[in-house]
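Peer 1:
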Amino acid sequence: MRVYRHLRVLLLLAASLFLASQPAWATKRVALVVGNANYQNAPLLPNPANDAAAITATLKGAGFDVVDSRLNLAATDMRRALREFADQARNADIALVYYAGHGIEIDGTNYLIPTDARLERDTDIYDEAFSLDRVLLAIEPARQLRVVIVDACRNNPFADSMKRTVASRSISRGLARVEPTVSNTLIAFAAKAGLTALDGNSQNSPYATALVKYIAKPGLDLRRAFGFVRDDVLQATGNRQEPYVYGSLGGEDVALVPATKAEEPIQAANAQSEIRRDYELALQLRNKPALNAFLTQHPDGYYSNLAKLQLNQLDAEDARVAATAKAQQAEQQQARLMSQGAQRADQEKAAADLKAAEEARIAAEKTKQAAQEQAAEAERKRISSESTIVAALSGNKPAVESTVADNPAAAAPAEDSKTPKLAALSDEPRQTDVTKADIAKPVDIAKSLQGELSRVGCFTGAVNGQWNATSQRSLALFNQHAGTKFDAKLASLDALDAIKLKPSRVCPLICDHGYKADGDQCSRITCAEGSFLNDDNECEKRRGKKPVAKRNTDERPSRADRSARERPEPTADVPRRQAAAKNSGGGSGQIVCDQSLCRQVRSGCHLEYRGGGGPGGNVGNVESCR
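For the sequence shown, our numbering begins at 1 and goes up steadily by one.
#1: Exposed or buried, what is G247 when buried is set at 16 or more other beta-carbons lying within 10 Å of its beta-carbon?
#2: Relative to the alpha-carbon of T470, which residue among T484, A482, K485 and L490 has its alpha-carbon at the smallest distance?
#3: When the distance is taken between beta carbons, is A159 closer than 8 Å to L175?
#4: Please classify D232 as buried or exposed, where buried requires at least 16 other C-beta atoms within 10 Å of its C-beta.
#5: Leaving out the 5 sequence neighbours to the left and right, which residues in its chain are closer than 6 Å to F359 when beta-carbon positions are compared?
#6: Could you give the DSSP three-state label for G451: helix, strand or coil?
#7: Using three-state DSSP, classify I591 as helix, strand or coil.
#8: Compute the beta-carbon to beta-carbon distance between L337 and A356, rounded to the nearest angstrom, for a pair I have assumed lies under 8 Å.
#9: For Q310, collect the residues of the same chain with a Cβ closer than 7 Å to its Cβ; drop the 5 residues on either side in sequence, then sort them by chain order.
#10: Return the CA-CA distance between G620 and S603, expressed in angstroms with no decimal places.
#11: Who are the Cβ neighbours of A54 in its own chain at under 7 Å, not counting the five residues just before and after it?
#12: For A191 and C539, what's the separation of their Cα atoms in angstroms?
#13: Under the three-state reduction of DSSP, which class applies to H481: helix, strand or coil?
#14: Do you know offhand how far R164's Cα is from L119's?
#15: Quick one, are the C-beta atoms of V33 and Y98 less than 8 Å apart?
#16: Please report the residue range of the alpha helix (DSSP H) in which N312 lies.
#17: State the DSSP-derived secondary structure class of T296, mapped to helix, strand or coil.
#18: Where does G227 sit, in a helix, a strand or coil, going by DSSP?
#19: Pairs of beta-carbons, one from the stretch 270 to 280 and one from the stretch 116 to 135, closer than 8 Å: are there three or more?
#20: Cα separation between W25 and P141?
#21: Contact defined as beta carbons within less than 8 Å: I believe P48 pairs with A81. What is the distance between those atoms, to the nearest angstrom?
#22: Of the residues S523, R524 and R542, which one's Cα is nearest the Cα of F644?
#23: Can you round the beta-carbon distance between L222 and L198 to whole angstroms, since I take them to be within the 8 Å contact cut?
#24: To the nearest angstrom, how far is the alpha carbon of E379 from that of D536?
#25: If you run the structure through DSSP and keep just helix, strand and coil, what is Q235?
#26: Are there 16 or more other CB atoms within 10 angstroms of the CB of F362, so buried, or fewer, so exposed?
#27: Name the one or two DSSP bridge partners that F532 has.
#28: Quick check: the Cα distance between T123 and A495, rounded to an integer number of angstroms?
Now the structure itself:
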């Protein structure tokens, strides 16, 4: 029995030694590749099938243990594929999912669209599509690394036909920003959140072409590979499409394909360019763990000083938040004591605490502002120096990288490697003879700023580089909705950098009368039959006309007819006037009338009033001759 026990121990030790002697990269790697191109209720996509085939061939050539390639998956097939791949990922060290096809974002959640989806209304997305969280759930059991690559940042093909059940539901173009909740997880988008990707003019999209070039390069760190992919896509699309990576990894290099012993990484000739890419990735993630990981890998140098400034800015912001919370607590304590009628000494102590907390808050605000300005100024100088080098070499990218690598002083100030000083960042980087071009022109800055303002929904004019009144109003509108205080009269790099950090629309969409906001577009308001559009841009039910009382002209005579009928006919006056006209040959010119006729008063006589008068035989005026 004892011999058997010793034998078992020896076998366990032998197995442990055998496993320890195996290469560290002997890990199980599995991948799921999905390409949806033939949509039943949407236009055909030209590239996803070709892109999926290229990625599949690349991963198989890289030695992945399992590469499950699926094309044109309906909802049922897609559900089965994710369930089967979850079983594969449960026993794997590295799990990767690549998806090419249509994807949309609704209320901040990203969804992958099967080929049989109809999406007649916005709520159909929950029944007919698959959220990105469902994909992350499938690869979560992987032990070391989880990667999701989403090449689906296209326009929503159902935007024109999809009905909204709730007017406030947000449906944006592209995909929404996402932060993985599981460590050692990376999510790569073909385009930045809120923007769309291009299919390109070749057999594969620009993003898939760059992925095939870098993703399976032996020994290449995954973060650096995505950095190279970003550079290639920006160059291929004229800076119109910028891939983005969300999530974070540790400080060690993580490669999908390990380097063999014969390919041990040596000191790269463009080490400065690689450090720059590492710094830009850490700056893109914009959190303390990423910056600390960069400083662990690159403790000294120009970019390490930039990283320290960014860390100082984050620390200052944390201190400001803490000081603000403490001041609010002190204010609440003072109000509580006053309402309870506490003793004067307690109230005075609370007032003193509030004053100290308020002073600490103001100091933290100033410290945060100073750290932010210092970091922004250093970043502006870095971008300016790099832009100058690129402009001077007329777009010769290899020569630019070689120049920066061979002569770091062209992109960074001289510094002491043992005791780096942050103050050195305030100096302008020294330039070589080939980089004596002007820094960014104001017209280029204004044009870039107009483009970014248009992306976040604050600018609707022409992107022409003319910083006129329309552009100034747009920047002022951005300040209003983003809480910034940039000078609207100037097109500054600080404003450009701040706007680039906004992943989606900032300014609300304003539509003319008769139109309403529908995502990023204005759609015409159509009222139902029997309704009309009022001045408040709302459909209002048309009211029926009320009966109005009026006279019946057929039965009652008009006022003119009634007056004519009531007026007596001058029957007796007619012959009188005719007789008077006949006897108007002489006399005094006066007329006298009786019951028979009217005649002229005789010569030597006159009229005399005797009372009465009028028709009916009254006396009235009589002729008197004396």
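Backbone N, C-alpha and C fix where the C-beta goes; we use that ideal spot for every residue, glycine too.
Peer 2: This is what the structure holds:
#1: buried
#2: L490
#3: no
#4: Buried: at least 16 other Cβ atoms inside 10 Å.
#5: Phe is not the amino acid found at residue 359; the sequence shown has Glu there. There are no such residues.
#6: helix
#7: strand
#8: Not really, about 16 Å apart at Cβ, beyond 8 Å.
#9: L283, L291 and A375
#10: 20 Å
#11: N204, A208 and V212
#12: 39 Å
#13: H481 falls in the helix class under three-state DSSP.
#14: Straight-line measurement puts the Cα of L119 at about 11 Å from the Cα of R164.
#15: Yes, Cβ-Cβ distance for V33 and Y98 is below 8 Å.
#16: Y302 to Q340
#17: Assigned with DSSP and collapsed to three states, T296 falls in helix.
#18: If DSSP states are grouped into helix, strand and coil, G227 belongs with the helices.
#19: no
#20: Low confidence applies here, because W25 scores a pLDDT of 46, under 50, leaving its location unreliable and the question unanswered by this model.
#21: Contact doesn't hold; Cβ gap of about 15 Å is too wide.
#22: Given a span of 1 to 626 for the chain in the structure shown, any question on residue 644 remains unanswerable.
#23: That pair is no contact at about 24 Å.
#24: 47 Å
#25: Three-state result, Q235: helix.
#26: It is worth fixing the name first, because residue 362 is Ile in this sequence and not Phe. Looking at its Cβ environment, which holds fewer than 16 other Cβ atoms inside 10 Å, I362 is exposed.
#27: Partner(s): E540.
#28: 38 Å
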